[in-house]
Amino acid sequence: MALENGELSKELLDSQAHIWNHIFSFINSMSLKCVVELQIPDIIYRHGSPMLLSELVEALGLKRERTHSVYRLMRVLVHSGFFVKQSLLTTSRGKDDETEEEGYLLAPASRLLLKDEPLNVRSFLLAMLDPMLLDPWQHMSKWFQSDDLTPFGTTHGRMFWDMASHEPKFNQFFNEAMASDARLVTSVILKHCRGVFEGLDSIVDVGGGTGTVAKAIVASFPDIRSICFDLPHVVNGLVGGKNLSYVAGDMFQAIPNAQTVLLKWILHDWTDEECTKILKQCKKAIPSKKMGGKLIIIDMVVKVHEGENKVLETQLLFDMLMLTLVTGRERSEDDWAKLFFDVGYSDYKITPILGLRSLIEVYP
27 MALENGELSK ELLDSQAHIW NHIFSFINSM SLKCVVELQI PDIIYRHGSP MLLSELVEAL
87 GLKRERTHSV YRLMRVLVHS GFFVKQSLLT TSRGKDDETE EEGYLLAPAS RLLLKDEPLN
147 VRSFLLAMLD PMLLDPWQHM SKWFQSDDLT PFGTTHGRMF WDMASHEPKF NQFFNEAMAS
207 DARLVTSVIL KHCRGVFEGL DSIVDVGGGT GTVAKAIVAS FPDIRSICFD LPHVVNGLVG
267 GKNLSYVAGD MFQAIPNAQT VLLKWILHDW TDEECTKILK QCKKAIPSKK MGGKLIIIDM
327 VVKVHEGENK VLETQLLFDM LMLTLVTGRE RSEDDWAKLF FDVGYSDYKI TPILGLRSLI
387 EVYP
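Using this note's numbering, you'd call the opening residue of the sequence shown number 27 and step up by one each time.
1) Tell me whether LYS303 sits in a helix, a strand or coil according to DSSP, three-state version.
2) On the three-pair Cβ rule with 8 Å, is the segment 193 to 202 touching the segment 145 to 153?
3) Please name the residue, chosen from ARG101, GLY87, LEU289, LEU79, that lies closest to THR116 on a Cα-to-Cα basis.
4) Spatial neighbours of ALA349 within its chain, please: C-beta separation below 8 Å, excluding the five flanking residues on both sides.
5) Between which two residues does the beta strand (DSSP E) containing ILE312 stretch?
6) Identify which residue in ASP295, VAL287, ILE323, LYS303 has its Cα closest to the Cα of SER314.
7) Specify the secondary structure class of GLU128 as computed by DSSP and reduced to three states.
8) Should the segment 157 to 167 be called in touch with the segment 328 to 342, which here means at least 3 C-beta pairs below 8 Å?
9) So, do the segment 245 to 262 and the segment 185 to 199 have three or more beta carbon pairs nearer to each other than 8 Å?
10) In the DSSP assignment, the alpha helix (DSSP H) including MET189 goes from what residue to what residue?
11) Do ARG209 and LEU145 come within 8 Å of each other at the CB atom, strictly closer than that value?
12) From ALA135, PHE170, VAL273, pick the residue whose C-alpha is nearest to that of VAL110; which is it?
13) Alpha helix (DSSP H) containing TYR71: first to last residue?
14) Could you tell me the distance, in whole angstroms, from the CA atom of VAL394 to the CA atom of GLY233?
15) Which class does ARG355 belong to by DSSP, given the choice of helix, strand or coil?
16) Determine the extent of the beta strand (DSSP E) in which ALA280 is found, giving its start and end residues.
17) Assuming SER206 contacts ARG148 under a Cβ cut-off of 8 Å, what Cβ separation, rounded to an integer in Å, is found between them?
18) Can you determine whether any heavy atom of the ligand NAD sits closer than 7 Å to the C-beta of GLU63, and answer yes or no?
19) Start and end of the beta strand (DSSP E) containing TYR374?
20) VAL230 and PRO282 look like a contact to me (Cβ under 8 Å); what is the Cβ gap, rounded to whole Å?
21) Kindly indicate which three-state DSSP category GLY107 falls into: helix, strand or coil?
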């Protein structure tokens, strides 16, 4: 692996490039956060046509000295697929000569960063890249050598959920992040998986936050009685409506009765032992399979044997996120099946329609 005959080993240099790519990959994330905070996607969208670099700098209200820096920022995000670069011919005032300048358009992914896009993921992005959630990564090695439950606890001196219940600002940005994700996922489910909800008379959304999913279900299926169930500090003060109610409680103790229990992105937050307790409470809350009872889970199903791909890579990164912030993990189908059958559920069905996540129907 070293030097041979005075020539650099290609393998050595490739290894260095691979390491550097991982070292500096955080720059992609922070560059994306920067353009969201500067509202660059919104500015380009409102412009309505390819936007010149000079026009973008002016719209941002920045000094002209920042022009080349903006160019470099945009170059990274063009390469990452968030913007599209287009060459434009422009004519200066009082001159007939045409010059070529770069203009920018939104790529499909950047539309999810627009403030006015109903399904935008801005809140989720800003929450995940907040220093409160990034700092624990600096203490991973310290955590491995400690008895602390999570790196988040090592860093902040309290567990994630304890922080959410005692720090209103933290609770708010976490709930906004979850609502942001819920809007996108629910829109896909209600469009492509309507059959999952047809014929139901009631559903309880466990860990339903501020009710984004419950509201969407009622809007699409007015005859379904929808309950948003979460901890008191999340739902206290929230007002329901026709066929929509908010109930405070602890899913480890008891869950309101309904024909169906929905767990969207809940179980991956918890250990197998904790998931077993939750699943037992779900089973108590729903009727038999013969009476139409079922559990709907929206979570990742990690396909660990399908080789390298972007979906698997992101799922593995999410698994590390669960390791760092909470006590949970992402699970394979075998992991899920063991949980279900150990609790006494009879069968399950996985529908991989949600990109990184799947819709899992579980029957008592």
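Even for Gly, the Cβ is constructed at its ideal location relative to N, Cα and C. Nothing here was measured: the structure is a model prediction, and the numbers come from that model.
So, from the listed chains and residues:
1) helix
2) When Cβ pairs closer than 8 Å are counted between the two stretches, the segment 193 to 202 is seen to touch the segment 145 to 153, the count reaching three or more.
3) LEU79
4) The amino acid at residue 349 is misidentified as Ala; the sequence shows Leu. Excluding sequence neighbours, LEU349 sits near THR176, PRO177, ARG355.
5) Premise fails: ILE312 is in no beta strand (DSSP E) and is neither H nor E.
6) Per the Cα distances, VAL287.
7) strand
8) Put simply, the segment 157 to 167 does not touch the segment 328 to 342. Fewer than three CB pairs are less than 8 Å apart.
9) yes
10) 186 to 192
11) yes
12) ALA135
13) Unbroken alpha helix (DSSP H) run through TYR71: 66 to 73.
14) Outside the shown range of the chain, which is 27 to 390, sits residue 394, and nothing can be said about it.
15) If DSSP states are grouped into helix, strand and coil, ARG355 belongs with coil.
16) Per DSSP, ALA280 belongs to no beta strand (DSSP E) and is neither H nor E.
17) 7 Å
18) This structure lacks the ligand NAD; in fact it carries no ligand of any kind.
19) 373 to 380
20) 5 Å
21) Coil at GLY107, not helix or strand.
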